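In my numbering, the protein residues as written are 1130 to 1369. Even for Gly, the Cβ is constructed at its ideal location relative to N, Cα and C. What you are looking at is a predicted structure, and each value in this text was computed from that prediction instead of being measured.
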């Protein structure tokens, strides 16, 4: 699997200026980052979404291949890439260590579709031929994805053409992303983690809707990624 040299930047979160505090946060992530529970824990902990509307905000997408790989963005080449991950750790315990591993998921409140945006403001898209790219700064139908929570807790992503995102092996054993799978099998299943803060926000919006309350939309305006991950401050909120 080939990948361009991307500048390495470790993820940092609110309150990790002091080493001691960082250690406490790491412990929290270990305790809460492997399940959808712990809603009252660390807001920056990485957790699994339990329903589709909870796929929101900073998002980490991993495929259980051997070795496991995460969907990432190669800013040097301006394209989507698949990055191999360590094999000495339980795949359910993996969390992002590079900014290029994190996608910013946004949606209009109540919409089943999402957009996946990089730190550089590029959107993950798929054309009618199943070719997946990441070079557009504007979004349209080809940048829309519908997350589907599967019975085992994994997630499939359906595009605007009702086909699924998949990891495909091509000549020479190289892996690439495609978007033309009719059915969901091993290649179309991904482990997804979001930050606890955004999972809670999505759950609160859903609860308030059911109670008939008027709630504020959760979209880029409500995505405090610039304060959560300081070096993402360059991402400008977009208006619908």
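Asked: Would you report the Cα separation of residue 1292 and residue 1326, rounded to the nearest angstrom?; Found: 30 Å
Asked: Tell me whether residue 1236 is buried or exposed, calling it buried when 16 or more other Cβ atoms sit within 10 Å of its Cβ.; Found: buried
Asked: Using only alpha-carbon positions, find the residue among 1328, 1314, 1307 and 1259 that is nearest to residue 1370.; Found: Because the chain spans 1130 through 1369 in this model, residue 1370 falls outside it and cannot be assessed.
Asked: Since I believe residue 1230 is in contact with residue 1255 (beta carbons under 8 Å), could you give me their beta-carbon distance rounded to a whole number of angstroms?; Found: Not really, about 20 Å apart at Cβ, beyond 8 Å.
Asked: Using C-beta distances below 7 Å, list every residue in its chain close to residue 1161, excluding the 5 sequence neighbours before and after it, in chain order.; Found: Below a pLDDT of 50, predicted positions are generally treated as unreliable, and residue 1161, at 41, falls in that range; the measurement from the model is reported next regardless. 1167, 1170, 1171, 1174, 1176 and 1325.
Asked: Keeping to the same chain, check which residues put their C-beta closer than 8 Å to that of residue 1211; ignore five residues upstream and five downstream.; Found: 1130, 1132, 1192, 1198, 1199, 1200, 1201, 1296, 1304, 1305 and 1306
Asked: Taking the straight line between their C-alpha atoms, what separation do you get for residue 1319 and residue 1190?; Found: 6 Å
Asked: Any Cβ of chain B within less than 8 Å of the Cβ of residue 1172?; Found: Any reference to chain B falls outside this structure, which holds one protein chain only.
Asked: Report the three-state DSSP secondary structure of residue 1293 (helix, strand or coil).; Found: strand
Asked: Would you kindly work out how many angstroms separate the C-alpha atoms of residue 1371 and residue 1340, rounded to a whole number?; Found: The first residue shown for the chain is 1130 and the last is 1369, placing residue 1371 beyond what the model contains.
Asked: In or out: residue 1241 buried (at least 16 other Cβ within 10 Å) or exposed?; Found: exposed
Asked: Drop a sphere of 10 angstroms on the beta-carbon of residue 1246, count the other beta-carbons inside from all chains shown, and report buried for 16 or more, exposed for fewer.; Found: buried
Asked: Please check the pair residue 1331 and residue 1185, which I expect to be a contact at CB under 8 Å, by giving their CB distance rounded to whole angstroms.; Found: 5 Å
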